[in-house]
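For the record, the sequence lines run as chains A and B. 1 is the number of the first residue of the first sequence in the working numbering; add one for each residue after it. 232 is the number of the first residue of the second sequence in the working numbering; add one for each residue after it.
There are 2 protein chains.
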Amino acid sequence: MDDRQDSGTQPGDRRASVYDRLRDDIVLGRVKPHERLKVSEIAARMGSSTNPVREALQQLRGEGFVILEPNRGARVRPMDADFVRDIVEIEMLIEPKLTRWFVGMATAEDIRALDGLCARMEALKLDDDHEAQYEYDTQFHRLMYDRHYNRNAVELWWRHRNILGAIARPFTVSPKRRNDVLAEHRALVDAIRRHDADEAARVIEQHVEGSGRHIVEQMRAMDRSGRARAV
Amino acid sequence: MDDRQDSGTQPGDRRASVYDRLRDDIVLGRVKPHERLKVSEIAARMGSSTNPVREALQQLRGEGFVILEPNRGARVRPMDADFVRDIVEIEMLIEPKLTRWFVGMATAEDIRALDGLCARMEALKLDDDHEAQYEYDTQFHRLMYDRHYNRNAVELWWRHRNILGAIARPFTVSPKRRNDVLAEHRALVDAIRRHDADEAARVIEQHVEGSGRHIVEQMRAMDRSGRARAV
DNA sequence: AGTTGACAGATAATGTACGATCTGGTGTCT
DNA sequence: AGACACCAGATCGTACATTATCTGTCAACT
Numbered sequence: 001m002d003d004r005q006d007s008g009t010q011p012g013d014r015r016a017s018v019y020d021r022l023r024d025d026i027v028l029g030r031v032k033p034h035e036r037l038k039v040s041e042i043a044a045r046m047g048s049s050t051n052p053v054r055e056a057l058q059q060l061r062g063e064g065f066v067i068l069e070p071n072r073g074a075r076v077r078p079m080d081a082d083f084v085r086d087i088v089e090i091e092m093l094i095e096p097k098l099t100r101w102f103v104g105m106a107t108a109e110d111i112r113a114l115d116g117l118c119a120r121m122e123a124l125k126l127d128d129d130h131e132a133q134y135e136y137d138t139q140f141h142r143l144m145y146d147r148h149y150n151r152n153a154v155e156l157w158w159r160h161r162n163i164l165g166a167i168a169r170p171f172t173v174s175p176k177r178r179n180d181v182l183a184e185h186r187a188l189v190d191a192i193r194r195h196d197a198d199e200a201a202r203v204i205e206q207h208v209e210g211s212g213r214h215i216v217e218q219m220r221a222m223d224r225s226g227r228a229r230a231v
Numbered sequence: 232m233d234d235r236q237d238s239g240t241q242p243g244d245r246r247a248s249v250y251d252r253l254r255d256d257i258v259l260g261r262v263k264p265h266e267r268l269k270v271s272e273i274a275a276r277m278g279s280s281t282n283p284v285r286e287a288l289q290q291l292r293g294e295g296f297v298i299l300e301p302n303r304g305a306r307v308r309p310m311d312a313d314f315v316r317d318i319v320e321i322e323m324l325i326e327p328k329l330t331r332w333f334v335g336m337a338t339a340e341d342i343r344a345l346d347g348l349c350a351r352m353e354a355l356k357l358d359d360d361h362e363a364q365y366e367y368d369t370q371f372h373r374l375m376y377d378r379h380y381n382r383n384a385v386e387l388w389w390r391h392r393n394i395l396g397a398i399a400r401p402f403t404v405s406p407k408r409r410n411d412v413l414a415e416h417r418a419l420v421d422a423i424r425r426h427d428a429d430e431a432a433r434v435i436e437q438h439v440e441g442s443g444r445h446i447v448e449q450m451r452a453m454d455r456s457g458r459a460r461a462v
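The structure is reproduced here in structure tokens:
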């Protein structure tokens with residue numbers, strides 16, 4: 001789980017590894033699902049030879065971001081509604097577990113920090129700043145999960161979050177959904193403050209489910225609105 | 232999730248891909264956790280050049296079987312007790328979910344098949360045939376999970392099973408543990424027969440937990456008995 | 001004398017270049 | 001119009017060059 005923010009993919013930038021940049025291209029939606037990834041083209045764009053690109057693609061395949069057909073090259077993993085449902089279902093198991101643990105560990109300072117993030121999110125309410133919205137949401141959840149002892153579960157959550165983020169990025173967030181998210185975060189912080197693990201787990205499960213439903217709805221809407229299928 | 236059984240890794244065998252053979256080496260315990268994986272050596276052994284090996288290693292890294300340190304090469308993922316606990320905890324969430332679904336879908340024929348596998352497992356009871364034991368256990372669980380609609384969850388389960396299998400392979404299975412496994416399988420089939428999803432989920436959760444505890448105990452025992460640390 | 005530090009060779013990972021092989025499409029001949 | 005040969009483009013495998021890390025030796029210093 002890394003934070004490296006490689007803002008902008010200049011052709012000559014060698015600081016960030018090919019893997020990081022390729023991954024960002026996918027996660028930040030610069031390449032769309034089902035789009036082809038040609039090694040020589042990427043190598044040229046990244047200013048390296050083909051081998052590093054091939055290896056990065058293999059790693060991304062292992063992580064599930066990329067599909068590789070023998071002799072036919074690589075594509076960004078096609079992400080349909082079923083795929084989103086699969087991932088959301090897994091998250092509906094993992095996040096409640098992580099949350100339960102956090103309820104037992106949260107300090108007064110943690111709760112203050114969560115409150116602060118909620119407030120900052122609400123301040124954005126009227127703007128249309130997707131990126132900031134998503135960023136605060138990420139910080140909110142990371143604050144809860146990052147210290148968990150089960151590093152593998154946290155990493156799985158993070159990967160899933162990035163995948164869902166890549167899908168959801170081009171979509172607009174309806175005001176209703178934005179309000180729901182805020183209300184759920186508030187409810188979550190309340191439950192944590194009361195050390196009510198059951199309630200917190202219930203809220204987060206709903207939260208994940210709602211987010212999944214929202215993404216699927218947006219996918220269908222975009223499918224219908226003509227613009228190339230989001231397969 | 233593939234079944235290819237590449238029995239024996241002859242130097243010239245080109246049918247199976249380098250990836251498959253390397254993965255089998257890890258899963259079947261031919262290389263131990265924390266052991267170094269040198270690309271040129273592997274390439275020589277597999278009768279290919281280094282590039283396919285490098286790519287296979289990157290994919291295995293993405294899947295979590297291998298650790299790669301920059302400029303310092305690859306190792307089989309060190310698997311300590313914490314790691315086992317992490318994975319088992321995740322499985323304690325996923326397997327009950329998969330099982331619940333199966334309870335609703337199981338046909339009379341499925342139940343007969345499960346019964347048959349239990350019987351064959353019991354027939355082995357007095358022998359010491361680890362491989363067959365593990366094989367029947369695998370078939371038992373695959374029969375329940377393989378048809379599940381959430382392919383990602385099933386794949387995750389399969390990967391985790393392989394990892395745990397790789398760790399547990401060198402260990403001896405105590406007669407007590409063997410009996411517990413059998414009893415749990417029987418209890419599970421009973422619950423399925425009665426369409427009692429809650430009970431089935433409870434049993435499978437215990438089953439997974441017990442298996443994890445057994446592995447950790449064996450790891451500690453082997454640590455203590457001197458022979459190189461199982462890190 | 002024992003320990004530490006630097007240097008040099010060996011070893012292995014990483015990057016580059018090129019040829020072989022496969023796929024998909026185009027154009028031609030029947 | 002359909003089948004087949006051919007060609008362009010991309011992947012995959014091999015060989016080589018470069019760079020980094022590890023190991024052992026030797027000298028200098030405490």
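For each residue, glycine too, the CB sits at the ideal point set by N, CA and C.
The C-alpha of A/F83 is placed about 14 Å away from the C-alpha of A/Q218. Counting other Cβ atoms within 10 Å of its Cβ, B/N302 stays below 16 and is therefore classed as exposed. Only those residues of the segment 143-166 of chain A whose C-beta falls short of 9 Å from the nearest C-beta of chain B are listed: Y149, N150, R151, N152, A153, E155 and L156. Looking from the CA of A/K32, the closest CA among A/Y19, A/A168 and A/A187 belongs to A/A168. C-alpha of B/L291 to C-alpha of B/E322: approximately 20 Å in a straight line. Residue-level contact by beta carbon holds for A/E89 and chain B, with a gap shorter than 8 Å. Take A/H195, set aside five residues on each side of it, and the residues of its chain with a beta-carbon closer than 7 Å to its own are V103, in chain order.
In the DSSP assignment, A/R75 falls within the beta strand (DSSP E) that extends over G73 to V76. A/K97 sits buried, since 16 or more C-beta atoms from the chains shown fall within 10 Å of its C-beta. For B/D317, the closest Cβ of chain A is nearer than 8 Å.
Distance between B/I257 and A/L124, taken at the CA atoms: about 50 Å.
In the DSSP assignment, A/E122 falls outside any beta strand (DSSP E) and within the unbroken alpha helix (DSSP H) covering A108 to A123. A straight-line Cα-Cα distance of about 14 Å links B/L348 and B/A418. A/A201 counts as buried, since at least 16 other C-beta atoms from the protein chains shown sit within 10 angstroms of its C-beta. Ranked by Cα distance from B/H265, the first of B/M310, B/G295 and B/E294 is B/M310. In this structure, the beta-carbon distance from A/G165 to A/R85 does not fall below 8 Å. Taking A/Q133 as the centre and dropping the five residues before and after it, the same chain places the C-beta of M121, L124, V173 and R178 closer than 8 Å to its C-beta, in chain order. Between the C-alpha atoms of B/V319 and B/F402 there is a straight-line separation of about 17 Å. A/R193 and A/I94 have their C-alpha atoms roughly 21 Å apart. Judged by DSSP in its simplified three-state form, B/L259 adopts coil rather than helix or strand.
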